[in-house]
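In the working numbering, the protein residues as written are 9 to 528.
The block underneath contains the structure these notes are about, expressed in structure tokens.
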């Protein structure tokens, strides 16, 4: 009967291992009486005691809990975000060097006193030395009046002028060092021999910034101007800021005022940006206080500035006569944008007269020139040599200007008698587009000559309100070029006339005539 019950359970299609363990009832004959029934488990096992069962159950439960925890931890580990890979170390760090931000110094840390009386030259020099030793850094000039003699900058340096900070140049010229004449000038510019250095100076530098919250660098030039007029100086006055043979220069958000001589002179520099800068000097009685003088510079931008000075607002230069020809460094790739200029003594934007290394690829646009003697001017002379070419003036506004557009070829000022009068410059490829204004006495005066003719000059979209209703308000001499579309006042007869479609209307045969009139 046992075999029959087990066989039937196993043969059943729904039978499982549990069915095999199901209790089977087996009948045994009872001696001398009816058969009795005995219950047993199949397969046959010895029935455990109650305590043993509890121990088994506890062990099994503990094993199940341990197994569950292990698999749970495994699942947690499986779905946990892997750690981020470490960033590759820098070259300096891989070499065991610690890379840190450039240090920041306060001028007062070096003993400076901003009372306008204490001379702080030693403090400026010590601060610059500390920056040079650290390989770069920032010097903060806090609010106050910081009197100093000239000092030098260093590479990888930022000079930061806080709001209310004013650096004052000491007025006693004995504190100003003498320097040799610039090699492309061969002359101090006002006197033979050495020249005074600048208040803030730098040579052979890179990555230099002068900026701030519109703090001021004040040259206190009044005493210099008086001594110059009285001929009491034996050397050429120094600029306010001069950077020489340097690159990657930024000057922004500051005020420069009352320079002894040229205000901001960049000499043989590359990659220069001057922006959001105000440059001031009296419009009368402050001789030669040019605003910005790019001199043998390449790749330069001047933008968003206000300039009101006693000479040219911006004067692009490249050396003087035979010295500039020998030095041979042009000014090229210069952009002047969004600038307001006043120059009662000279011009808003000039090229020359010292241009003996050449000047090319200049863009002057969105410039407003007001209350000035001249608007935009090119000036040169025999002996200068070199060239002025590819000059674009665009969107120029003239307001209350004596002569708007000037090209002058007889600016006969020379360093000495060693210049070559046969070294004549080449002037050409100059365009004036969107020239507008009011209260202008002579809108155009272009004075070429047989030695230095002016070639390929273009006027397009010009309308300038004039003050005097005279005939020769558009003056030309030895000029070849074209007028495109409407131009007012009536252009000179030296120029070809084209319509707006650039179709020739009338060709000039009078390019060499002269109607220059200096009487007004």
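Note that CB positions come from ideal geometry on N, CA and C, so glycine has one too.
Bear in mind the structure is a predicted one, so any value in this text is a computation, not a measurement.
In the structure shown, the three-state DSSP call for residue 335 is helix. Exclusion of the five residues before and after residue 357 leaves 322, 372, 384 as the residues of its chain whose Cβ lies within less than 6 Å of its Cβ.
Cβ contact annotation for residue 431 (same chain, cutoff 6 Å, sequence separation greater than five): 391, 393, in chain order. Excluding residues up to 5 positions away in sequence, 241, 242, 243, 244 lie with their Cβ nearer than 8 Å to the Cβ of residue 199 in the same chain.
Between residue 114 and residue 362, the alpha-carbon positions lie close to 40 Å from each other. In the DSSP assignment, the residues bridged to residue 146 are 112, 166. Within the same chain, and ignoring the five residues on either side of residue 290 in sequence, the residues whose Cβ sits closer than 7 Å to its Cβ are 318.
Linking residue 232 to residue 209 through their CA atoms gives a straight-line distance of about 18 Å. If you check the CB distance, residue 493 and residue 511 do not come in under 8 Å. If you draw a 10 Å sphere on the C-beta of residue 425, you find fewer than 16 other C-beta atoms in it, and that means exposed.
The criterion of a C-beta distance shorter than 8 Å is satisfied by residue 249 and residue 207. Residue 234 counts as exposed, since fewer than 16 other C-beta atoms from the protein chains shown sit within 10 angstroms of its C-beta. Listed in chain order, the non-local C-beta contacts of residue 337 below 6 Å within the same chain comprise 276, 304, 365, local neighbours out to five positions each way being set aside. Judged by DSSP secondary structure, residue 446 falls within the beta strand (DSSP E) whose first and last residues are 434 to 455. A direct Cα-to-Cα measurement between residue 351 and residue 379 gives close to 7 Å.
With respect to residue 429, residue 195 sits apart: the two C-beta atoms are not nearer than 8 Å. With a threshold of 16 other beta carbon atoms within 10 Å, residue 221 falls short and is exposed. Assignment of beta strand (DSSP E) within the segment 179 to 222, counting only whole runs of 3 or more residues, yields 208 to 211, 214 to 220 in chain order.
In this chain, the beta strand (DSSP E) harbouring residue 175 covers 173 to 177.
In the structure shown, the three-state DSSP call for residue 238 is coil.
DSSP places residue 483 within a strand segment (E or B) once states are collapsed to three.
For residue 317, there is no enclosing beta strand (DSSP E), as DSSP marks it with neither H nor E. DSSP places residue 460 in the coil class of the three-state scheme, outside both helix and strand. For residue 367, the enclosing beta strand (DSSP E) starts and ends at 367 to 387.
The C-beta of residue 458 has fewer than 16 other C-beta atoms within 10 Å across all chains shown, which makes the residue exposed. Here residue 284 really is in contact with residue 261; their C-beta atoms are around 5 Å apart, less than 8 Å.
Partner residues in the beta bridge of residue 160, as assigned by DSSP, are 209. Among the bridge pairs identified by DSSP, residue 506 is matched with 492, 512. For residue 296, the number of other beta carbons within 10 angstroms of its own is at least 16, and it is reported as buried. Residue 156 and residue 328 have their C-alpha atoms spaced approximately 32 Å apart. In the assembly as shown, residue 481 is a buried residue. Its beta-carbon has 16 or more other beta-carbons within 10 Å. In terms of Cβ geometry, residue 330 and residue 374 do not form a close pair [threshold 8 Å]. DSSP places residue 271 in the coil class of the three-state scheme, outside both helix and strand. By a beta-carbon distance limit of 8 Å, residue 271 does not contact residue 282. Their separation comes to about 11 Å. Annotation for residue 250: the continuous beta strand (DSSP E) segment containing it runs 249 to 252. For residue 188, the number of other beta carbons within 10 angstroms of its own is below 16, and it is reported as exposed.
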